[in-house]
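**Q** One line per chain: the protein sequences are A and B, in this order.
In terms of my numbering, the first sequence opens at residue 1 and continues consecutively.
In terms of my numbering, the second sequence opens at residue 1001 and continues consecutively.
The beta-carbon is built from N, C-alpha and C at its ideal position, and this holds for glycine as well.
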Amino acid sequence: DAGVIQSPRHEVTEMGQEVTLRCKPISGHDYLFWYRQTMMRGLELLIYFNNNVPIDDSGMPEDRFSAKMPNASFSTLKIQPSEPRDSAVYFCASSPGGVTLDTQYFGPGTRLTVL
Amino acid sequence: DAKTTQPTSMDCAEGRAANLPCNHSTISGNEYVYWYRQIHSQGPQYIIHGLKNNETNEMASLIITEDRKSSTLILPHATLRDTAVYYCIVRVASTGANSKLTFGKGITLSVRP
Chain A
1 DAGVIQSPRH EVTEMGQEVT LRCKPISGHD YLFWYRQTMM RGLELLIYFN
51 NNVPIDDSGM PEDRFSAKMP NASFSTLKIQ PSEPRDSAVY FCASSPGGVT
101 LDTQYFGPGT RLTVL
Chain B
1001 DAKTTQPTSM DCAEGRAANL PCNHSTISGN EYVYWYRQIH SQGPQYIIHG
1051 LKNNETNEMA SLIITEDRKS STLILPHATL RDTAVYYCIV RVASTGANSK
1101 LTFGKGITLS VRP
């Protein structure tokens, strides 16, 4: 199994531009999570999906952020327009769910720099 | 979810056992103890979890005290690649409606040659 796949691994963009981060969860996992990590705030949960349906998006910082999961093998996190304070490492994770819901498998992350 | 307290950092010699403590004095009877770690520039990695009994897998052992107010993660033969931040997380088994792992500051383990 290739594990959780994220792309791109690094993204540098200018303020105001649209940014799209991508994630492919582990096959068969019903849950997908998006996290953000910064030095100041640590690791924060942004949103998570169950069977492609968003369950809790209370961690999404503002309307500039949106996430979709059109099918079981793909999810996107979009920031439009991007701002310098969005610079962070964004992780995607997936989980089989059930009693193992809190056993989450993380991808390598996307390091976003907004200039 | 119960709050956890971990030392900020510790170190150990390569090849020796690393014992990482975690206090969770307000833990409830239905809360599990989870351990994750994050190696520099990588995503967090699940290590182990337990409820009451001690647990062991290929990565580590988890020792939970009888009163469940503290636990210790044991890496039996630490290697340089075990240098990482280790997070102790306590939470009720998720039902799907409230899944939210909260990562604190963790403990930084440095394994020295």
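#1: Quick one, which of A:G42, A:R64, A:S73, A:L43 has its alpha-carbon nearest F49 of chain A's?
#2: Within the continuous beta strand (DSSP E) that includes P1021 of chain B, where are the two ends?
#3: Just the Cα atoms here: how many angstroms apart are N52 of chain A and P70 of chain A?
#4: Alpha carbon to alpha carbon, how far is D86 of chain A from M60 of chain A?
#5: Excluding the 5 residues preceding and the 5 following S75 of chain A in the sequence, name in chain order all residues of the same chain whose CB lies nearer than 6 Å to its CB.
#6: Can you tell which of A:T13, A:I47, A:V19, A:Y105 has its C-alpha closest to the C-alpha of G28 of chain A?
#7: Please list the partners that G1043 of chain B has in chain A, where partner means a Cβ-to-Cβ separation under 8 Å.
#8: Compute the beta-carbon to beta-carbon distance between E1014 of chain B and P1113 of chain B, rounded to the nearest angstrom, for a pair I have assumed lies under 8 Å.
#9: Mind listing the chain B neighbours of G42 of chain A? Cutoff is C-beta to C-beta under 8 Å, in chain order.
#10: What are the residues in the segment 1028-1056 of chain B lying within 9 Å of chain A by C-beta distance?
#11: Taking CB distances under 7 Å as the criterion, tell me whether D102 of chain A reaches chain D.
**A** Well, looking at it:
#1: A:S73
#2: 1018-1023
#3: 7 Å
#4: 12 Å
#5: C23, L32, M69
#6: A:Y105
#7: V4, F91, A93, F106, G107, P108, G109
#8: 5 Å
#9: F1103, G1104, K1105
#10: Y1032, Y1034, Y1036, Q1038, S1041, Q1042, G1043, P1044, Q1045, Y1046, H1049
#11: Annotation note: the requested chain D is absent from the structure, which comprises protein chains A and B.
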